[in-house]
Every structure is written in C-alpha cells, then in structure tokens.
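S.K.: Encoded as structure tokens, here's the structure I'll be asking about.
Numbering (our numbering), first residue to last: 1 to 300.
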C-alpha cells in the first residue's frame, strides 16, 4: 500500500482531532478526503507528511514509517499544504531552482513542471506579484519537482478561477495515473471529476470509505422540485406514497424527497390534478456527492 493508516489518534488538549482512524490507499488511486472544517483532515495530512506526530497508532507512506523513516517519507511525498508557504520575494524559477537544489533534481525538471502546471505565462514574475491561483500552481509545481510516488494535496484548487480549476484538475488526474493522490477539498464537483474513491471524516472519525461509483449507486432516494400555481396546504402531502420529507424553498416551490427507486414525477402530476392544482414545473434533481456529504456529516 502507498498509504497505510492504523488506529491513528491525535489530541490538542481536550479536543480529539483524530479518533482511532484507519484506512489504506493503493498506488494509482486518487482519493478524496472530505470533511467539515475541524474534522481532522489537515491534522492527518500533517502526520502523513511527518510535520507532526500522532499520539497513538501507526502510519506509513510508500512502505516507510512516518516516525522511524521520516527522510524516506519526505522524499517519496509531494505535499501542498492548505496555507501554501512561499517566498514572495523570489521569482518563480528562482524559487523552483531553490527547491530543485534541495531535492537534487535537474533544471530540465523545473521546465517540465512549469509546463505541466501551466505556469509559463507568469514564470518571469516574482511570486508576490502572482494571483492566488498562480501561487497555488507554484505550490503544486514544487510538490511535483522531485517526481514523488505519493501526492498529498490539502485544498489544491483554492483561489482558482473556473478555467484554472479545469486545467489543474486535468493535471492531477493525469499525474494520478502513475502516482497515489490523496487530496482534501470542499469542492464536491472536484471530487466527482477526478477521484476514484471517497473517504469522509467527521469529528475525527471515518464515517464513509467507498469507491465513488459505489457510493453514488447506493442512493435510494430521489429529490423532486415542484412549483405549483398557488399556495398549498402542506397537510395534503400525506397523500403521496414514499414521501420521506418536504420543504418549502421559495413561495410556491417545494422540494420533495422520496424514498424509492420509482420515478415519482407522474404520481406528483396526478396528485396535483386530484387536488385542483397545476404544476408549473417538475424537476428531478439527482442526488449528488454534496447531499451525501451533508447526510454523513450531520448524523455524527
């Protein structure tokens, strides 16, 4: 396994940031590590990259124990921290050359990562002159410099515009074909676009660890947004079979959640006619990773 985590716990005073966390990641997997703020994501990433030690448990990266073989772990990992630390007075190439000297890599590799991360248009500037998005690219380029086997990326697309998001997602996806990628993000579309697997953590505990396609296929609910032509007495909804919940989202617009695999739109149309209502719109909303995330992190 490229990443192995066994019964890791970590506390800050009375606050338990990680509580007996275990999982493993194979080479070639791109894993999305999700959780609300304060769930323990960054703490675990710092343990895996040897920045801090766990209180209990064991972890290894590329077969190297994070406590006993820290140098080997650091050489096998490319890490982009949530708050990307950069020397703002250095030029882009100057900064990458500094890091290349640390890792003993050639100048040719510097040009390769500049091209790979789309830094070329801004590579002549000082880092302090760059936008937040381009500073993220510098961080990603630095993480890739020594061609590590494992990439650990904490919020890698922070500050990127929509076009940059697509470009960096493609970079991560392409790199992930030959490496292990472990990334945290709050952008669910990002996970859906590039990840093979999802691990969700909440209050320091793993609440979900599944392949993305399997997680989505297990959804047994459907959400329908319906707009009626007039105000409706919500007591009427008791007539609808398989209705799990409902909420009024805007004036005459309702969001109805059904617990069934059957398409309930025709039943909803019949319900409206039987009660003297007209439907101005009926929209079937597919349940996505965002709604799954909310469910998993609100129950624990």
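For glycine and all other residues, C-beta sits at the position ideal for the given N, C-alpha and C.
1. Indicate whether the contact test is met: 3 or more Cβ pairs, each with one atom in the segment 182 to 190 and one in the segment 132 to 148, closer than 8 Å.
2. Mind pulling the alpha helix (DSSP H) runs of 4 or more residues that sit fully within the segment 83 to 151?
3. From the DSSP output, read off the bridge partner residues of residue 180.
4. Can you list, in chain order, the residues of its chain with a C-beta nearer than 6 Å to that of residue 91? Leave out the 5 residues immediately preceding and following it.
5. Can you give me the C-alpha to C-alpha distance between residue 69 and residue 77, rounded to a whole angstrom?
6. In three-state DSSP terms, what is residue 163?
7. Using alpha carbons as the reference points, say which of 152, 121, 6 and 7 lies closest to residue 42.
8. Use the C-beta contact count for residue 300: other C-beta atoms within 10 angstroms, 16 or more gives buried, fewer gives exposed.
9. I need the boundaries of the beta strand (DSSP E) containing residue 281, first residue and last residue.
10. Roughly how many angstroms lie between the CA atoms of residue 236 and residue 265, to the nearest whole one?
11. Taking 7 Å as the limit between beta carbons, can you name the residues of its chain near residue 84, skipping five residues before and five after?
12. Do residue 227 and residue 280 have their CB atoms nearer than 7 Å?
13. Can you list, in chain order, the residues of its chain whose CB lies under 8 Å from that of residue 39, leaving out five sequence neighbours each side?
14. Between the C-alpha atoms of residue 130 and residue 122, what's the straight-line distance to the nearest angstrom?
15. Could you please give me the residues that DSSP links to residue 79 through a beta bridge?
16. Between 81, 106 and 61, which lies nearest to residue 74 when the distance is taken from Cα to Cα?
17. Is residue 66 helix, strand or coil by DSSP?
18. Hey, out of 191, 162 and 72, whose CA is closest to residue 172's CA?
19. Please name the residue or residues paired with residue 59 in a DSSP beta bridge.
20. Quick one: measure Cβ to Cβ for residue 82 and residue 9, integer angstroms, because I've assumed they're closer than 8 Å.
21. Give every residue of the same chain whose Cβ lies closer than 8 Å to the Cβ of residue 169, excluding the five residues on either side of it in the sequence, and list them in chain order.
22. Excluding five sequence neighbours on each side, which residues of the same chain lie with their C-beta closer than 6 Å to the C-beta of residue 27?
23. If you compare alpha carbons, which of 154, 160 and 143 is closest to residue 175?
M.R.: With the structure as the only source:
1. The segment 182 to 190 makes no contact with the segment 132 to 148: fewer than 3 CB pairs, one atom from each, lie closer than 8 Å.
2. DSSP runs (the alpha helix (DSSP H)) wholly in the segment 83 to 151: 92 to 103, 107 to 116 and 132 to 144.
3. 150, per the DSSP bridge assignment.
4. The answer, listed in chain order, is 126.
5. The alpha-carbon atoms of residue 69 and residue 77 are separated by roughly 12 Å.
6. If DSSP states are grouped into helix, strand and coil, residue 163 belongs with the helices.
7. By alpha-carbon distance to residue 42, the top candidate from 152, 121, 6 and 7 is 152.
8. Because residue 300 sits at a pLDDT of 46, beneath the cut-off of 50, its placement in the model cannot be relied upon, and the following sentence gives the value as read from the coordinates. Around the beta-carbon of residue 300, fewer than 16 other beta-carbon atoms lie within 10 Å, marking it exposed.
9. Segment 279 to 285, the beta strand (DSSP E) holding residue 281.
10. For residue 236 and residue 265, the distance between alpha carbons rounds to 16 Å.
11. The beta carbon of residue 84 lies closer than 7 Å to those of 135, 136 and 139 in the same chain, with the five residues before and after it left out.
12. Residue 280 sits close to residue 227, with the two beta carbons spaced by under 7 Å.
13. The answer, listed in chain order, is 201, 202, 203, 204 and 297.
14. Spanning the two alpha carbons is a distance of roughly 7 Å.
15. In DSSP, residue 79 forms a bridge with 152.
16. Looking at the Cα atoms, 61 is the closest of the given residues.
17. Judged by DSSP in its simplified three-state form, residue 66 adopts coil rather than helix or strand.
18. The option with the nearest alpha carbon to residue 172 is 191.
19. According to DSSP, residue 59 bridges with 5.
20. A Cβ-Cβ distance of about 21 Å is found for the pair residue 82 and residue 9, leaving them out of contact under the 8 Å criterion.
21. Take residue 169, set aside five residues on each side of it, and the residues of its chain with a beta-carbon closer than 8 Å to its own are 157, 190, 193 and 194, in chain order.
22. Taking C-beta separations shorter than 6 Å and ignoring five residues to either side along the sequence, the partners of residue 27 in its chain run 2 and 180, following chain order.
23. Closest by alpha carbon: 143.
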